[in-house]
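Chains A and B, in that order, are what the protein sequence lines are.
Taking this note's numbering, the leading residue of the first sequence gets 680, the next gets one more, and so forth.
Taking this note's numbering, the leading residue of the second sequence gets 45, the next gets one more, and so forth.
Ideal Cβ positions, reconstructed from N, Cα and C, are used throughout, including at glycine.
Have a look at the structure below before the remarks.
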Amino acid sequence: MQLSTREAEEIFSKLRVEAKRSSHHVAGFVVVNGVKVLPVHYSFGKKALPGNVPQRFRQSLRLTTPEFANLKSCKLSRDDYIELLRLKGILDQTIGHRADG
Amino acid sequence: MSVTYDSESRPLVLIVEDRAPSLDLRLRLYRNAGFTAIGVTSPDDAIREIGASPSVDMVVTDVNLLPDRGDDKSGVALAKYIKSVRGKLPIAGYSAYFNTGEMQPDEIELFDLWMPKGSRGTEQIEAEVIGCRELALEHHRARRDDADETLSLLRRRYEVERPEVETLRRLVPGEGDAAEVESALRDAGYRLRLVDAGSHGLAEPFIVWLMDVGEHVEAEVYGQPILYGFGDSEEDAVSNVVELMRLFRVDLVEGGERAEGPALALREFLLRVLA
C-alpha cells in the first residue's frame, strides 16, 4: 500500500482534521460536533510514507483497505466517513448525528 | 588545595594549620594512620573546603590560626561555624590555650576532642591521631547509614529496585489476549524498548515497539497505536514519537476542547507521561 505526504494532506483536508504542525509531524483530530474523537497524524520527511506507515495511517482512521482506497479516490465523503465511524461503534451516539462538526 | 574523596575504609580529615611545617607533619601522620588527609592554612580556606566537600569526616584545627594576633582564637570561631552548618561533624582542636585555662567552657564544648599544644613529640601526636580516627570512622559510618536509609526510602516510595527492569515488568502484561498480540508482534520482528524518562524530559518512562523496515526504524508506543513514528535509527524514531506526543498534548491538554473515545484515552496517557 502506498501513500504520499500529499495524499495524507488531502485526506486531512477532506475530513476537516483540525491539525497542528511541528518539525516532523502534522497531527490533529477528527472532530464531530465540536468534540475531538479520533487522533490522526502523518509525518514529513519523505514524499512516500515508508514501510508500514501507510497501513498505520489507514488504521488510525479506523478504515479497512477498501474503505481507505475509496477515501483516497474521493468515493467516500466526510459524511460517509463519519457515518462509518458511527456504525463501527467508534463514535458515541450522544455526540450527535450531524456529521459536519 | 584539591580535595581527595575517601574510599570505604579511609575517612577524610581536613587539617587546619597556619604553619606549613606543622601542617606537613600532621598530613603525613594522619595519612600513615589510614586517613585521606587534606590541609588548609586559614579559616577561610577551611570554610571553603567544608562547603565543597560533603564527605569530610573530621576537622582537626589549631586554635591560634592568626599568629600575628597574640590572643587569636580563630580556630574557635571556625569550630563554631562548622557546628552551625554541619552539627554532626566531629572537630578536634589543639592549642596551648587548652592547658593554660584560657578556654571558656562554651568554647571547649565546640570540640569533640581537644589537645593541649606545646612540646609534644611525634608519639603523642600519633596517639591523638588514633583518637581522631575513631571519631572520624564513627561519623563516616553514620553518614553512609544515612545515605542508605534515604536510598531505601526512595526505593519504597517509587516501588522500584532497578527502575528500568521494574517498569518493564509492570508495563508488559504478557497474559491473555495481550500475550497473543505480543507474540505475533515479536514473530513479525518487533522488539520492545524502554524509553527512559530522563533522556527525553518525560514524567514517566514508557515502552515502544521497534522494528527495522528497510532503511529505517519504525516505533509505536506500547498500548497507544496512534503514537507511531519512524526514523533513520532507533533514536530518531523514538525522538520523533516523543515530538508527536508533545504535539498532541498541545492540542489535547491546552486546547481546551472536549475529547471523547480514543482522543480522551490519548489525553490521559499524555498527561501521565509528559512532564
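Under 8 Å between C-beta atoms of residue i and residue j
i        : j        : result
B/Val282 : B/Glu264 : no
B/Leu246 : A/Ser701 : no
B/Leu67  : B/Thr85  : yes
B/Gly5   : A/Pro729 : This structure does not reach residue 5 of chain B, given that chain B is present from 45 up to 319, and the question cannot be answered.
B/Gly78  : B/Arg177 : yes
B/Ser139 : B/Val107 : yes
B/Gly95  : B/Thr105 : no
B/Val285 : B/Tyr272 : yes
B/Pro134 : B/Met159 : no
B/Leu310 : B/Leu296 : yes
A/Val711 : A/Leu770 : yes
A/Lys693 : A/Arg757 : yes
Whole-Å CB distance - residue i paired with residue j, under 8 Å assumed
i        : j        : result
A/Leu764 : A/Arg741 : 6 Å
B/Ala123 : B/Leu154 : 4 Å
B/Pro306 : A/Leu717 : 6 Å
B/Arg70  : B/Ile59  : 5 Å
B/Val317 : A/Lys699 : Between A/Lys699 and B/Val317 the Cβ distance is about 19 Å, and since that is not below 8 Å, they are no contact.
B/Ile270 : A/Ser739 : 5 Å
A/Val705 : A/His720 : 6 Å
Interface residues of chain B facing residue i [CB-CB closer than 8 Å]
i        : result
A/Val716 : Ala303, Glu304, Gly305, Pro306 and Ala307
A/Ser683 : Neighbours of A/Ser683 on chain B: none; closest Cβ ~15 Å, over 8 Å.
Own chain residues within Cβ distance below 6 Å of residue i, not counting five before or after
i        : result
A/Pro733 : Met680 and Leu682
B/Phe349 : Because chain B spans 45 through 319 in this model, residue 349 of chain B falls outside it and cannot be assessed.
A/Ser752 : none
B/Pro87  : Leu109, Ser118 and Leu122
B/Asp116 : Asn108 and Leu110
A/Lys754 : none
Cβ neighbours of residue i in the same chain (closer than 7 Å, five flanking residues each side left out)
i        : result
B/Pro249 : Thr211, Leu238, Val239, Asp240 and Ala241
B/Ser128 : none
B/Tyr125 : Ile91
A/Lys767 : Arg741
B/Ala319 : Gly245, Leu246 and Ala247
A/Lys726 : Ser683 and Thr684
Chain-ordered neighbours of residue i on chain A, where CB pairs are closer than 8 Å
i        : result
B/Ile270 : Pro718, Val719, His720 and Ser739
B/Val294 : Lys699
B/Leu310 : Pro718
Partner residues on chain B for residue i, Cβ-Cβ distance less than 7 Å
i        : result
A/Ile769 : Gly305
Neighbour list for residue i in chain B, Cβ cutoff strictly below 9 Å
i        : result
A/Arg735 : Glu262, Glu264, Pro269, Ile270 and Tyr272
Residues near residue i in its chain [Cβ-Cβ closer than 8 Å; skip 5 each side]
i        : result
B/Arg235 : Trp253, Leu254 and Met255
B/Glu278 : Arg237, Leu254, Val261 and Ala263
A/Glu688 : Val705 and Tyr721
A/Phe691 : Ala698, Val705, Gly707, Val719 and Tyr721
Listed by chain order, chain A residues near residue i by CB distance under 9 Å
i        : result
B/Gly258 : Pro729 and Gly730
B/Leu288 : Ser701, His703, His704, Ala706, His720 and Ser722
B/Leu56  : Chain A residues near B/Leu56: none, gap ~49 Å exceeds 9 Å.
Chain-ordered chain A contacts of residue i [CB-CB under 7 Å]
i        : result
B/Leu291 : Lys699, Ser701, His704 and Ala706
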